[in-house]
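Chemist:
Numbering (the UniProt record's numbering), first residue to last: 1 to 262.
#1: When the distance is taken between beta carbons, is residue 261 closer than 8 Å to residue 243?
#2: What beta strand (DSSP E) runs, 3 residues minimum, are completely inside the region 207-261?
#3: Pull up the distance between the alpha-carbon of residue 133 and that of residue 28, whole angstroms please.
#4: Using only CA atoms, which one of 213, 179, 231 and 34 lies nearest to residue 120?
#5: Nearest by alpha-carbon distance to residue 60: which of 14, 140 and 247 is it?
#6: Which residues in the same chain as residue 57 place their Cβ atom closer than 6 Å to its Cβ, once the five residues preceding and following it in sequence are excluded?
#7: Between the region 222-233 and the region 104-123, are three or more C-beta pairs nearer than 8 Å?
#8: Please state the DSSP three-state secondary structure of residue 189.
#9: Among 215, 238 and 250, which one has its Cα closest to the Cα of residue 122?
#10: Do you know how far the Cα of residue 62 is from the Cα of residue 233?
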């Protein structure tokens, strides 16, 4: 690590305040070009501890920049990982307040809940498939705190991978009843199709993203506990939304997820 504890704490407060007060900031590597990957995840960990210290529960883990479309869109080639808190969960069909966000975008996500723990190193797709309890469809509303969505990978990791809101809907299905690689997704905004993809867009198989998460955590001495809710990353590219927009996502074999932005 390159940054001292005080600097890490100050950056965590800086980024979390930007999230909670819905104002943008410049990417933190502009002022701290020497920060490394451990610094970035340490800042994210402090943000998580700040939220939990105020009584919020961490309710899930998230994989980011896992789809080939998203990697190309953001000019990166490495997935990142973060978490979601209880207050970020929005009911299916609900109104999402854009006044609480900076520049939201939506992306369709194949989500799972586990029935067994997963631990790296050496976690692979087969182990993940055996550990999945059920699969559910979701939509993540990402909202980078960085001005004009301009950031590098270390900055976005520190910013908890742009976590903001998420919506779970549709219906849960047993993993053995699905083909996650070919599972089709159609994202509509205001009744118009704006993105289509299949599960294979996520690292070739959504379970590969979970294996990468387990291996990432294993390298840091942690594991994915049984009963974890995991968002495997955007299947489609992120689509910008604003007040007045409605979004509906159709998932093959999993139903639909919808919301409105007000």
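Glycine residues also receive a C-beta, built at the ideal position from the N, C-alpha and C atoms.
On a predicted model such as this, the values are computed, not experimentally measured, just so you know.
Modeler: Quick look at the numbers:
#1: The count along the chain shown starts at 1 and reaches residue 243 at position 243. The count along the chain shown starts at 1 and reaches residue 261 at position 261. Their beta carbons are under 8 Å apart, which means residue 243 touches residue 261 by this criterion.
#2: 229-234, 246-251 and 255-261
#3: Within the chain shown, the letter at position 133 stands for residue 133. Within the chain shown, the letter at position 28 stands for residue 28. Their Cα atoms are separated by approximately 38 Å.
#4: Translated into the one-based positions of the chain shown, residue 120 becomes position 120. The shortest C-alpha separation from residue 120 is found at 213.
#5: In the chain shown, counting from the first residue as 1, residue 60 sits at position 60. Selected option, being the one with the closest Cα: 140.
#6: Locating residue 57 in the chain shown gives position 57, where the first residue counts as 1. Cβ neighbours of residue 57 beyond the five flanking positions: 86.
#7: yes
#8: Position 189 of the chain shown, counted from the start, is the residue given in the question as residue 189. DSSP places residue 189 in strand when its eight states are reduced to three.
#9: Residue numbering aside, residue 122 sits at position 122 when the chain shown is read from its first letter. Closest option to residue 122, Cα to Cα, is 215.
#10: Residue 233 sits at position 233 when you count from the first residue of the chain shown. Residue 62 sits at position 62 when you count from the first residue of the chain shown. So the two alpha carbons sit approximately 7 Å from each other.
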